[in-house]
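So the sequences go chain by chain: B and H. If you count the first sequence from 1, position 206 lands on 206 in the working numbering, and the numbers rise without skipping. If you count the second sequence from 1, position 177 lands on 1177 in the working numbering, and the numbers rise without skipping. The beta carbon of each residue, even a glycine, is placed where N, CA and C say it ideally should be. Fair warning: this is a prediction, and the values are worked out from it, not measured in the lab. Written below as structure tokens is the structure these notes are about.
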Amino acid sequence: MIRIIAIKEIKSLLREKRCWVVAIVLLLLFATALVTSAVNQKQLNKARAEAQQLSRIEWLGQSPKNPHSAAHFGNFAFRLKTPLSLFDKGLDTYTGSQVFLEPHKQDDFKFSEAEDADALVRFGELTPAFILQTILPLLIIFLSFAAVSKEREDNTLRLLVGNGTPMPKIVAGKVLGNWALISGLIILFSLMAVLFIPAKSNGDTINRFACILLSYIVYAGIVTTISVVVSAYSKTSRASLMKLLSLWMLAVIIVPKVSSNIGGTLHATPSQFEYANLVQHDVENGLDGHDPSDKRREDLLRVTLKKFNVDTITKLPVNFDAIAMMESEKYTTEVYRKRIAEVRNIFTKQNNISLLASFINPYQAVQYCSMALSGTDYAHFIHFQDKAEDYRLYFVNTMNDFMAKHTKSGDWRTKFGTETYKMVEPFEYTAPSLIWSIRHQPVAFISLFVWLVLSLLFIQSIKRINIA
Amino acid sequence: MSTIKTIIIYEWLQLKRSRTLWLLTLIFSVISIYAAWYGRSEVKEQQRKIALLQDSVAVKMNVLSRELLQHDSTAWEYDPLYKTVFYNRPDGIAALAFGQRDLHKFAIEISEGTYYYNKYATGYSNKTLSGEITNPQKQLAGHLDLSFVIVFLLPLYFILLSYNILSAEKEEGTLPLLAVQAVSTRKIFFAKLFVRWLITTMLAILLLLTAALITGAVTDARIFLFIAATMLYSVVWAGVVSLVVSFKKASGFNALFLISTWLVFGMLLPAAFNAFLTAKYPAINKIALASAVQKANVEVFGIPRIAVADSFYAMHPQYNNLPGDTLPGGWYNPRWIRATHAVLDNKVQRVETPYLRVLEDRIRTAGKFNYCSPALLMQSILTGAAASDHKQIYAFDTASWHYFKTWNSYLDDRIFFKNNRFTKADFDNLPVYTFKPVVDYRQVVFSLLVLLATGLVLLAVSLLRLSAPF
């Protein structure tokens, strides 16, 4: 019976002009979003890849210097956009795109796209994900708000129930019919999107894309169920439409902002000034507050003298200044890691409120899933940030180590050239796998699953409905 | 006239009994109060961060002041200790329309150093110039401040109250009864629309004033601009509603069409414009800028000191009081460091200029798009009046650079290049700048007039359309 109702639902929807009009409008919007995202992705990736190469060329081409001074020339790490960022830009607009890597300090990521964008960026960005997360639910509402209420208004609901069809089956059939149609549309959109995914993409990207497709089909199923169930509970189609539009506004406009704003208000972010002061304090006084930098240096000198079995710094076969700088670099990196972990912990607490809101709002659930699968969420940004920091420590210490081994203490004048700079491998970044992405965002995937189960329960709850 | 008055009174009495009106009003009010509270907390947080920076600098400066009472300072004793804080302090009005304030720096330390290297490359030695720590997830979600409530939710409130003004009468079979009255259906429609506009506007003004009380903006005259803008924005939406109603379709159609219109103005058009601007002005210029800064930094610190001296004295001949000065000395020669910083800034400023021109072009183009959507125009009015828009952000940026130059010029005159001693009197006369946002009232008033004209045109068109019999 469910199948018969579903097929009937599909046939009646396909006969309706509004269904075609809305689908075509949506298709055009999706295509526009896809093309503009693809163009933007291509432009930025080309510029960033070129800049990364240029940074390397400039690193190798710098004039001969002592290795530590050469390290001060610095390197840039540019974050390339992931292949699926054309589908969902996620946080890319708000996270910086590049970081300058230099000795002694960890710099901030700079130049987010939002910095140069105007107020327009706050109205939303035209991406395929925006269309599927925000506009598609409206299409579903437009198509299914009268799915059951119209039958009630036309007195055909009594006939259906009178034939012995239980209400849950009627609703399930209608949900299935609408869902099948919407899923077809999503698959059509996805096929369009596949054409724009960069040709060099690997199997992981394809798997990610398949998961994104699945997530949106599940999301569409959840929204369809809610729409049809609300329609079943509403006396008139007008009431059903009003209720559903109100729910859409709450889910898409109000709740995400409120949950995020509450998170920010409850867990204040330290200012750059406070953060820098804490780092400076730790570097000067030690991570435990009782290990000042002078004392650390003295201890290191004692250990080094003992290691080389000499009694003065001048007798050392290595450059102690460089050894001290290597140790200092390791120490400051520890300090930065400790302090940045605190900031990230605050962000996690802030974001947890939005994440938990995904259990009351499927829009937020699919938003988090989509960003994670597209590689544009906060976890992916942190992953890149950590790799860039690892590279900073690597190249600075490679230079310091060379200086330690090839010069004597106090020698800052001996210069080395390109051959020495070549010892530093270029920065290369490999994005994490799909499994990693899911593991780092389990709550969103669980909440989407919970919503799927809830949808089935909603359909079952229709048993006790008044059909008059 | 008395008939119209009677219609208005009875319409109000009927609406008063509607549960929908009270429910919507309750939801709208709760969200507005929350928005005001949120705006206030954001402003307070920025104010706290500014105060923290000011206190820290004040403590250090007090120590220096006391030392200067004992003896004058010289260039060779100098370490970039003389500092001040330049800030763009948000006020109560900013709490109502927070705009782009979370995306940009709002307080910086001004001291001797290189401005552009700190700004574009690293933030080296300056703890604030490189920007604030921000949670990107929070930035993506955006603010639920009062401007958001007015721009997005006010039209929805009005639409939900008015989408079925006539269609409901038709659907319930009471329209023929209206048609036989002495007053035309058109007049009845506009009387009903007026009641709803009045309810919406009065509620919005009441909530605006409450929010102003919460945020401390009630004494700020700009609140009248907010009120005027809100009234005119409601006129535009009254025009949109009346135009849609003039097509005499069913309630369902009206609701769908109006929500779609709201979606187009509030989301799709801005998103499409943003996509266009992103494609036309891709964020790639800064990449080249950062690279140029890095190169300039290496160049200026790598070249012989005499070359730095030549460049610097060519820029500032008034300081060339030591002919043949090669800025000698050890690594820490304050004159050399100061000259190098100045030369570096000069180099980078030249690279920055074309980038800024592109940015200005983008802002100008975006400004033109505002006139294509009432939601965008309203947002620009509110953030413009609250000095939270992009123009103010760049004005602060420019002012920071000018203050930085003035500060350093003052120090150059007294510490670095005239071999004067820095006295307590010099300390007391260190330049003090306060950033005062300049609201472009002409632009705001023009935008208000555009809103008014749009609303009136829409109402006039619907008036003509509704003259045909139902």
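Min CB distance residue i to chain B below 7 angstroms
i	result
H:Leu1103	yes
H:Pro1282	yes
H:Gln1137	yes
H:Ala1097	no
H:His1341	no
H:Ile1150	no
H:Gly1142	yes
H:Pro1270	yes
H:Tyr1061	The question names Tyr, but residue 1061 of chain H is Met in the sequence shown. Chain B, which has no Cβ nearer than 7 angstroms to the Cβ of H:Met1061, makes this no.
H:Tyr1371	no
H:Ile1159	no
H:Ser1018	no
H:Tyr1403	no
H:Thr1278	yes
Interface partners of residue i on chain H, CB under 7 angstroms
i	result
B:Arg48	Ile1287
B:Thr414	In chain order: nothing, as chain H lies at least about 17 angstroms away.
B:Arg238	Ser1251, Gly1252
B:Ala268	Glu1045
B:Gly74	Gln1294
Proximal chain H residues relative to residue i, where beta-carbon distance stays under 9 angstroms
i	result
B:Val396	Those within 9 angstroms of B:Val396 in chain H number zero; the least Cβ separation is about 14 angstroms.
B:Met403	The premise fails here: B:Met403 is roughly 17 angstroms from chain H at the closest Cβ pair, so nothing lies under 9 angstroms.
B:Gln350	Asn1135, Gln1137, Lys1138
Within chain B, the residues that residue i reaches when beta carbons sit closer than 7 angstroms
i	result
H:Phe1273	Leu120
8 angstroms Cβ cut-off: residues of chain B touching residue i
i	result
H:Thr1383	Ala119
H:His1390	Asp118, Ala119
H:Ser1041	Thr265
H:Ile1259	Leu138, Leu245
Below-7 angstroms beta-carbon distance, residue i vs any chain H residue
i	result
B:Glu125	yes
B:Pro256	yes
B:Val469	Since the first residue shown for chain B is 1 and the last is 468, residue 469 of chain B is missing from the structure and cannot be characterised.
B:Thr407	no
B:Leu51	Note that residue 51 of chain B corresponds to Ala in the displayed sequence, not to Leu. Output row for B:Ala51: interface = yes.
B:Thr82	no
B:Gln385	no
B:Met192	no
B:Leu245	yes
B:Thr36	yes
B:Leu448	no
B:Phe347	yes
B:Glu342	no
B:Leu91	yes
B:Gln272	yes
B:Ala476	Any property of residue 476 of chain B remains undetermined from this structure, which presents chain B solely from 1 to 468.
B:Tyr233	no
B:Phe87	no
For residue j and residue i, believed in contact at Cβ under 8 angstroms, the rounded distance
i	j	result
B:Leu101	B:Arg392	4 angstroms
B:Ile382	H:Phe1152	No, B:Ile382 and H:Phe1152 are not in contact; Cβ-Cβ is about 32 angstroms, not under 8 angstroms.
Residue i: contacting residues in chain H (beta-carbon distance under 8 angstroms)
i	result
B:Asn285	What B:Asn285 touches in chain H: nothing, since even the nearest Cβ is about 17 angstroms away.
Beta-carbon neighbours of residue i, restricted to chain B and to distances below 9 angstroms
i	result
H:Ser1291	Ala51, Leu54, Ser55, Glu58, Phe76
Residue i: CB within 6 angstroms of a non-hydrogen atom of the ligand ZN
i	result
H:Ser1147	In terms of ligand content, the structure shown is empty, and the ligand ZN therefore cannot be addressed.
* Answer yes if the segment 88-98 of chain B comes into contact with the segment 370-381 of chain B, meaning at least three C-beta pairs across the two stretches below 8 angstroms, and no otherwise. => Yes, they touch.
* **Stretch pair the segment 175-189 of chain B + the segment 148-163 of chain B: three plus CB contacts closer than 8 angstroms** => No, they do not touch.
* Asked: Below 8 angstroms, can you find three or more Cβ-Cβ pairs linking the segment 222-234 of chain B to the segment 125-142 of chain B?
  -> Yes: at least three Cβ pairs fall under 8 angstroms.
* To do: Spell out a yes or no on whether the segment 1207-1224 of chain H and the segment 1134-1142 of chain H are touching, meaning 3 or more CB-CB pairs, one atom from each, closer than 8 angstroms.
  => With a cut-off of 8 angstroms on Cβ pairs, the segment 1207-1224 of chain H is not in contact with the segment 1134-1142 of chain H, counting fewer than three such pairs.
* Within the segment 1393-1444 of chain H, note down every full alpha helix (DSSP H) run reaching 4 residues or more, in order along the chain. => Along the segment 1393-1444 of chain H, the alpha helix (DSSP H) occurs as fully enclosed runs of 4 or more residues at 1424-1428, listed in sequence order.
* Asked: Just checking, does the segment 1262-1270 of chain H make contact with the segment 44-63 of chain B on the three C-beta pairs under 8 angstroms criterion?
  -> The segment 1262-1270 of chain H, when compared against the segment 44-63 of chain B, does not touch it at the 8 angstroms Cβ threshold.
* Asked: Hey, which unbroken runs of the beta strand (DSSP E) at 3 residues or more fall wholly within the segment 97-138 of chain B?
  -> For the beta strand (DSSP E) assignment, the uninterrupted runs of no fewer than 3 residues enclosed by the segment 97-138 of chain B are, from N- to C-terminal side, 98-102, 105-110.
* Count the CB pairs spanning the segment 337-350 of chain B and the segment 181-201 of chain B that are closer than 8 angstroms, and state whether there are at least three. => Contact fails: fewer than three Cβ-Cβ distances are below 8 angstroms.
* **Segments of 4+ residues assigned as alpha helix (DSSP H) that fall wholly inside the segment 1066-1116 of chain H** => DSSP runs (the alpha helix (DSSP H)) wholly in the segment 1066-1116 of chain H: 1092-1096.
* **3-residue-minimum beta strand (DSSP E) runs that sit fully inside the segment 262-310 of chain B, ordered along the chain** => For secondary structure counted as the beta strand (DSSP E) over 3 or more consecutive residues, the segment 262-310 of chain B holds no complete run.
* Starting from the N-terminal side, write out each stretch of the alpha helix (DSSP H) that is 4 residues or longer and does not extend beyond the segment 1326-1373 of chain H. => Listed in chain order, the complete alpha helix (DSSP H) runs (minimum 4 residues) inside the segment 1326-1373 of chain H are 1334-1369.
* **Validate contact between the segment 405-423 of chain B and the segment 307-320 of chain B using beta carbons, cut 8 angstroms, 3 pairs** => Inter-segment contact for the segment 405-423 of chain B and the segment 307-320 of chain B is present: three or more beta-carbon pairs are separated by less than 8 angstroms.
* **Every unbroken alpha helix (DSSP H) within the segment 160-209 of chain B, with a cutoff of 4 residues, ordered by chain** => Here the runs fully enclosed are 167-196.
* Could you give the uninterrupted runs of the alpha helix (DSSP H) lying entirely in the segment 1173-1225 of chain H, keeping only those of 4 residues or more? -> Segments of the alpha helix (DSSP H) lying fully in the segment 1173-1225 of chain H: 1175-1179, 1185-1215.
* Asked: Can at least three beta-carbon pairs, one atom from the segment 1103-1118 of chain H and one from the segment 58-73 of chain B, be found at a separation below 8 angstroms?
  -> With a cut-off of 8 angstroms, the segment 58-73 of chain B and the segment 1103-1118 of chain H do not count as touching, because too few Cβ pairs lie within range.
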